[in-house]
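Here the structure is laid out as structure tokens; the discussion comes afterwards.
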Amino acid sequence: MSAPERIPPRSVTAAELLTQGELKVRGRIREASNAALFCTVAIDGQEASCVYKPIAGERPLWDFPDGTLAEREVAAYEVSEATGWGLVPATVLRDGPYGEGMCQLWIEAAPEAELLALVDREEPGPGWKAIGFAEVGEGRTALLVHADDERLRRLSVLDAVINNADRKGGHLLPTADGQLYGIDHGVTFNAENKLRTLLWGWAGEPLTPEAVGVLKDIEDALADGGPLAARLSGLITATELAATRARVGALLTSGTHPEPSGEWPAIPWPPV
């Protein structure tokens, strides 16, 4: 009698793992301003590390009165996936030990990757884009710059679409395999223009042909009945969805990266 054929374990996607896997809390991420828990999630013999942010641990924000941070984090992931750029780690809304919340795949960043720098000069060097001058102590200032990196440029387009009010240096996670992820998208999608970012290096410059093509695809997907509109409708308000459509249309009309409005601080604080 022959031995029964062994069936290999089913391969699950990151989204399936995050949504259906058993979620276990391993510790708290103390640097976070809202409740953020380091967890593992496992299913069918597969396990991954993740971040779980329960809605119950969110602090109310007067300027983001609608929806939740968790829902906006998932909405940012959905837009990222629609671009095809994969700039946001897999993110889902699910129940957990402390109620419903956002669950996002943990990303191990490569600390040696240099995307930001302070330089003692008036203009950025080759391969860098200027952000602005920063005080460095004892009455001295230095020029804050970011890398002239196509991954960052794509992320700046995504931020313009989702109206990211908090793109800090600590929210940039380059990995050893050359990927770049952006995290912490809880303050996004506001109907008012609140773009605050470190990635102003391309402000006023023409969008790349690739970005224009992606934005046209996003515009179609956001139309009434479109797949992205359907996914976002349960995560952000109708007004916020309409504002997202308007931002995409404005980017395509101008054909350029947005510029600071001058009506509020354009760079988040602290910047890193």
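No gaps in the numbering here: position 119 of the sequence shown is 321 in my numbering, and each next residue is one more. Even for Gly, the Cβ is constructed at its ideal location relative to N, Cα and C.
Problem set entry | Buried versus exposed call for residue 397 [16 or more other C-beta atoms within 10 Å across all chains shown] | buried
For this session: Identify every residue that forms a DSSP beta bridge with residue 415.
Result: None, per the DSSP bridge assignment.
For this session: Tell me whether residue 381 sits in a helix, a strand or coil according to DSSP, three-state version.
Result: coil
For this session: Below 6 angstroms CB to CB, which residues in the same chain sit around residue 416 once its five sequence neighbours on both sides are set aside?
Result: 285
For this session: Quick one: give me the first and last residue of the beta strand (DSSP E) that residue 254 is part of.
Result: 248-256
Exercise. Apart from the five residues just before and just after residue 315, which ones in its own chain have a Cβ nearer than 7 angstroms to its Cβ?
Worked result: 376
Exercise. DSSP puts residue 224 in a beta bridge; with which residues?
Worked result: 244
For this session: Write down the C-beta distance between residue 243 and residue 250 rounded to the nearest angstrom, noting that I regard them as a contact closer than 8 angstroms.
Result: 6 angstroms
For this session: Quick one: grab the DSSP three-state call for residue 321.
Result: strand
For this session: Tell me residue 440's beta-bridge partners as DSSP assigns them.
Result: Bridge partners of residue 440: none, in fact.
Problem set entry | Spatially closest choice to residue 365 from 461, 381, 259, 319, by CA coordinates | 461
Problem set entry | Beta carbon of residue 400 nearer than 9 angstroms to that of residue 348 | yes
Exercise. Taking residue 231 as the reference, which of 370, 329, 241 has the closest Cα?
Worked result: 241
Problem set entry | residue 458 vs residue 424 beta-carbon contact at 9 angstroms | no
Exercise. Between the segment 290-304 and the segment 262-278, are three or more C-beta pairs nearer than 8 angstroms?
Worked result: yes
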